[in-house]
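A quick write-up on the structure given underneath.
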Amino acid sequence: MISERVSYEQLLGISGCLALALLAHVTTLPLWVLAIIVVCGLIRLWLARSGRSAPPRGVLIVFAALVMPLLFLRFHTFNGLVAGTALLSVTAGLKLLETKTQRDIYIITLIIYFVSLAALLQGDSFWLLVYLIGVCWLTTATLLRATSSGPAPGWRRSLRFGGRVLAQALPLALVFWLLFPRFAAPLWQIPNDSKTAASGLSDTMSPGDISQLALSDEIAFRARFDSAAPPSQERYWRGPVLDYFDGHTWTRSTSGRGGAPPPLEPQGPAYRYTVMMEPHQHRWLFMLDWPSSWNQPNAELANDYTLMEPEPLSRPVDVVGTSHTHVQYSQPLTARTRMRELQQPQGRNPRTQQLAREMRSAHPDDMELVSAVLGMFRQQPFYYTLTPPKLSDNSVDEFLFDTKRGFCGHYASAFAALMRAAGIPARVVTGYQGGTLNPYGNYWILRQSDAHAWTEVWIDGGGWTRIDPTAAIAPERVESGLADAVNADDTLASRWQRKTPWFAGTRLRLDLLREIWRERILDFDQDSQRKLLEMLKIPEPDGQKLVMVLGAAMALAFAWLTWQIHRGLAPPSKDVTARTYARLCAKLAAAGIARKVHEGAEAYAMRVAQQRPDLADTVMALCRHYSALRYAAPSARITLGQFQAGVRAFRPKAASMR
Amino acid sequence: MSSLRQAATNRLRAWAMRRHGRDSLPINISRRRIYLLPTRFGVMLGVILGAMMIAGLNYNSNLALGFAFLMSSMAVVIMHHCNRNLQRLSVDVTPEVDAFAGREATFEFELRNGSNLDRRDIEVRCLSAAGMGNVAAQESGTIEVIAPVAQRGVTRVNQFELRTRYPFGWFYAWTYVQGLITIYVAPSPAGTKTLPSAGAKGTGTHSEARGDEDFSGLRAYEPGVPLKHMAWKVLARGGEAAVRNYSSLAAQPEWLEWSALEGMDLEARLSQLCLWVLESDSAQRPYGLRIPGREIAPSGGAAHRFACLRALAAFGAGESEEPVL
C-alpha cells in the first residue's frame, strides 16, 4: 500500500493544507520563499492533472541546490525560527514537487504539523490557535482519505472522524497543558531572531519621532491600579530618559548610568498597580512616575529612575509596582551629573543660546525662568500638529523662531535645550501619558498613540521637577489624550470610532477578552500551576506534587478515553421497550407468576388476571401497552415514556392469599 | 535489519503460540492479544511531536505547547482507534483448503463484526500472502487471501495474522490467531496419457452417456452434481433431493491406476493421475483411484473428486507443518 501512487485529488488536498498552514507565515516569510512553494505546488498539480508523474530526481536536486544558498544568503543561518521555518517550508514545497507515493504525503503532513507549531511560536492570538487547529483538522482528514485502502471515505465522513479524534484528544491535552511542569529558564539560549522590530519608544528622539507613533493603535501596555487611579495629569509612565543632545537628536547616554538612583522622599499617596507589558524588544519597563518598588527580581532602577531589565523584553511580562506621583529629592545633584545634564552641542542653535541668555538675565530665579518659557509657548503662535515641517541640524532654532509647529517631541526638545542653555540642568523624558480606561476590565490601555515626551529640570531645593511644555500649548492634550488633540490630522477610522460609541465599547470589550487570554493562557506558568494545586486543596504544592497530580489526572483522562473509544464495541443493547417489558415480567415473577417462555404478552396478562384479580387491570393495561409499542404502527396514543413510568410504578405485592 | 525484524517476528509468533495455545475457531479477538507498534511514519511522527514539545517548552510558549500536547494526545487517541479496529472481531476460516501445486490456494476468512462500528482496512496475512477488506457494523464479511503454493503435499498452517493500519497509518495493530488450516496441495495436473478407458473403447463413449434412455434409477443427492441431473420432479413431490443415475455412468466405472503408469517418475505419475481425475470428473463418469496404500472406490461428484485429489496430495509424504518455530 505504501508504494501506492498518489492521485490528483490527494495531491490537491495535501497542497491545499500546506498552503493553509503557510498562510499563517505570510507576514514573516520572505515572499519569494512563498512564491517558490506555490510554483512547486502548481507545477506538480499541473503534471498530475495531465496524468504525468513527478519530475525526475535530478531536476529536484538542481532546484534544491539553487534555493538553499539563496535561503542562506537571506538569513545567514538555518538556526533561527524564521530561517528554520523558511527552510522547512521550502523542503515541503520541493517534497510536493516530487510527491509520488503515500510516503511523501506522510512527510508533508508532518511538515504541516511542524510549520503550524512554528507559527504559534511567533504569534499568540486566540484566532491563530483556532485557525491552526482547523488546518490540522483538515490535514488529518486529508490524510485519512489518502491512507485508506479502497475507495477513499467521503469528505464529510473524514472530517467528522478527524473532528472526533480531535475532540477525544482534548481532555488529555488539557491535562497535559495544565499540569506539565514548565521550565523557569529555557533549555538552551534561543537564538534571537529579532524578527519583531522593536516597537514604540526608542532610546533616541529626533523631532518628529513621536508623531509617527501617534498614528499607531498598537498597544504598548496595560495597567491596572489596585485602588483608585491617579488623576490624568499625574499619570506619566516613565520610559527612557534622554540626556545627550547633539542639536537635533536626544539620546540616552550609556555611560555614568551605574550607581544607585538619588534618594527620594515620597510624598502623597502610594499607588500600587500592575503593568502588563507587551514585548517591545527594549530593556526598559514603563512604571508610573516615580517607582519605589517592583516585583521583577532582575530589574534594576537606573539612576535616572527608569526601571531596566537585564535583557530586552521578548515576551509579555507582568510587573507589580508601587509609585508615588509626588516626590522630593533630598540630596543635591552631584557635580558629575550636573555636568552631564548641562551638556550642549558646540556651536549649534545660536539663536536659542541668545534667547536663553536674554531670558536668564530677565529671570534670575529658576522657576520664574521656567514659567517665562512656558508663557512664551502659550502666548506666541505655537501650534500643536502631527505633521510639522521637517527640521535640519539646528532644529531648536528653526522650531522656536521659524516654524513654530510641532508635536510633544519638539516642545520637550526645545524646552530642555533652552533650559540647558540658561544653565539649568534639564533632560527629556519619554514615556506614555494618560491612557484609556477599559471600564469592563477596570484597567488602563496605553497605546502607542499615548506616547509622550516631557522634560525634567533640576530645581535646587526641589530636585528633578517634571515640566510638560506641551501642556502649555494645548492643555486639553494632557487632560484627555492625543486622539482629541489632533482633530485636523484625524484618520478616517478614528473619526468613525468617535462617532459610534458602541464601536468603541465593542473594542474595549474585545480588548478585555484579549487581556484575559493573555493573563490566563499566554502567561500561564509555574506560579499559575501552584495556584491551581492550591485550588485543588493540595497542601504546600511543589514540583513533585505537580507531577503526582499530573499522573493521577492522566490516569483519569486515559480511563475516560478508553471508555469513550471502546464503548462503541459493546454489542447493541436490547431496545428499551423489550428491556422495560423484561422488568415488568421480573416483577411479576417475584410476585409468584413467572412468564412461560412461549407465552405472549396478552396470554400472560390473561393468566395473571386469573391468578391475581387484584393486579388484573394494571397488568392488562401494561401488556396492551407493550403489544402496541412493539407491534402496532407508531402512534401518539401510547408513548414509551408512559409505558416505562407505568412499569416503574407497578409494585405487585407477593401472593399473600395463599 | 530485515532479518533482525524477521527473527523478532518469529520469536513473537512462537511466543503467541505458547501463550494462547491453539484457538478454537471462530474466535472473538480480545484486547489482550492485540499488539501495537508505530509504523515508520509513526516513529517519524513521534520525533516531530517530541521536537514540537521541546520547542514549545524552550520558547516558553503556552500556545505552542498546547498545540504540541493536542497533537500528541491525538496520536494517543489514534493508537486506541487502531487497536479498537481489531477488537471483538470474530474470525473464522475454512479449515481445509484445496489447491494445485504451482497455483494458488485461496483462504477464505470469515469476519463477523457484532459491534456498532465499521471496521476498515482489516488485513489478513497467511502463508506470506495478504488480503484486505472492510467489515461494516453488524455485518460479516469474507476476506480472501490468495497464496501461491509450490509444493505438492499436505501443509498445515498453524497461525495466521490479522493486522490493521487504520486510521491514518501512524500505527499498526495486529494479532495472531492459532487456527489450524490444512492445505491439500494436489499435484499439478499434467500428462500426455489418455484415460485408460478411452484407449480400450475409443473416444466419445461418455458423451452419449447423457441420453435420457440410459436412465437407470435415482441416487442420493450430493453437492457438485450438475443441476440438470437433479431429479426435480421427485423434489417437487416432496421427496428427498435425488439425482438421476444414468446407466452408462453407473455401468462403466473407470479405474485410475498407479500401476498403469509404470516407468514414469513419481511426481509425473501423480500429475497424470490428477489430470485423469479432473478429466473423469468433468466427463461425469464414475471413477476410482488406486494408488499404493490407498484405494478409493468408484464414484462421482465433488466430494469424491476432493477425496481423490487429497489422496494424491498426501501420497508418499507425511503432513508437513508450516514452518513455525
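Residue numbers (my numbering), protein chains in the order written: chain A, 1 to 658; chain B, 1001 to 1325. C-beta atoms are modelled at their ideal positions from N, C-alpha and C, and glycine is treated no differently. This structure is a prediction, so every number in the text was calculated from the model and none was measured.
Shown here, residue 424 of chain A sits in coil according to DSSP, grouped into three states, outside any helix or strand. Residue 124 of chain A has its alpha-carbon roughly 58 angstroms from the corresponding atom of residue 1158 of chain B. Closer than 8 angstroms to the CB of residue 1063 of chain B there is at least one CB belonging to chain A. Residue pairing of residue 1079 of chain B in beta bridges, as defined by DSSP: absent, with no partner found. The way I'd put it, the stretch 1012-1026 of chain B doesn't touch the stretch 619-632 of chain A; fewer than three beta-carbon pairs between them come closer than 8 angstroms.
Straight-line spacing of the CA atoms in residue 1150 of chain B and residue 96 of chain A works out to 43 angstroms. Interface residue (Cβ-Cβ distance to chain A less than 8 angstroms): residue 1026 of chain B is not classified as such. For a Cβ distance threshold of 7 angstroms, residue set 148 of chain A lies close to residue 1120 of chain B, ordered along the chain. For residue 1299 of chain B, DSSP records a beta bridge to B:1287.
Contact note: residue 1081 of chain B reaches chain A through 165 and 565, using a C-beta cutoff of 8 angstroms and chain order. Shown in chain order are the members of the stretch 506-532 of chain A whose Cβ falls below 9 angstroms from a Cβ of chain B: 521, 522, 523, 524 and 525. Within its own chain, the residues whose Cβ lies closer than 8 angstroms to the Cβ of residue 268 of chain A, once the five positions on either side in sequence are excluded, are 324, 325 and 326, listed in chain order. Here the alpha carbon of residue 259 of chain A sits roughly 10 angstroms from the alpha carbon of residue 300 of chain A. In the DSSP annotation of this structure, the continuous segment of the beta strand (DSSP E) that includes residue 1184 of chain B starts and ends at 1181-1186. Secondary structure of residue 9 of chain A (DSSP, three-state): helix.
According to the DSSP assignment, residue 631 of chain A belongs to the alpha helix (DSSP H) that extends over 616-631. For residue 455 of chain A, the enclosing beta strand (DSSP E) starts and ends at 451-459. Proximity of the stretch 440-453 of chain A to the stretch 213-221 of chain A meets the contact definition, three or more beta-carbon pairs being nearer than 8 angstroms. Under the 8 angstroms criterion on CB atoms, residue 5 of chain A is classed as non-interfacial with respect to chain B. In this chain, the alpha helix (DSSP H) harbouring residue 337 of chain A covers 335-341.
Pairing residue 162 of chain A with residue 154 of chain A, the inter-Cα distance amounts to about 12 angstroms. Residue range 57-75 is occupied by the alpha helix (DSSP H) that includes residue 67 of chain A.
Cβ contact annotation for residue 353 of chain A (same chain, cutoff 7 angstroms, sequence separation greater than five): 421, in chain order. Residue 1068 of chain B sits close to residue 117 of chain A, with the two beta carbons spaced by under 8 angstroms. DSSP lists B:1171 as the beta-bridge partner residues of residue 1038 of chain B. Nearest CB-CB separation between residue 110 of chain A and chain B: below the 8 angstroms threshold.
Secondary structure note for residue 329 of chain A: its beta strand (DSSP E) is the uninterrupted segment 317-329. In terms of Cα proximity to residue 369 of chain A, the closest of A:380, A:419, A:103 and A:410 is A:419.
In the three-state DSSP reduction, residue 267 of chain A falls in the strand class (E or B). Proximity of residue 1030 of chain B to chain A, defined by a Cβ-Cβ separation below 8 angstroms, is not satisfied. The three-state secondary structure of residue 1264 of chain B, taken from DSSP, is coil.
With contacts defined by Cβ atoms closer than 8 angstroms, residue 1055 of chain B and residue 121 of chain A form a contacting pair.
Taken through DSSP and simplified to helix, strand or coil, residue 286 of chain A comes out as coil. The Cβ-Cβ distance between residue 11 of chain A and residue 99 of chain A falls below 8 angstroms. Going by beta carbons, residue 1116 of chain B and residue 1135 of chain B fall outside the 8 angstroms limit. The alpha-carbon of residue 541 of chain A is positioned some 7 angstroms away from that of residue 534 of chain A.
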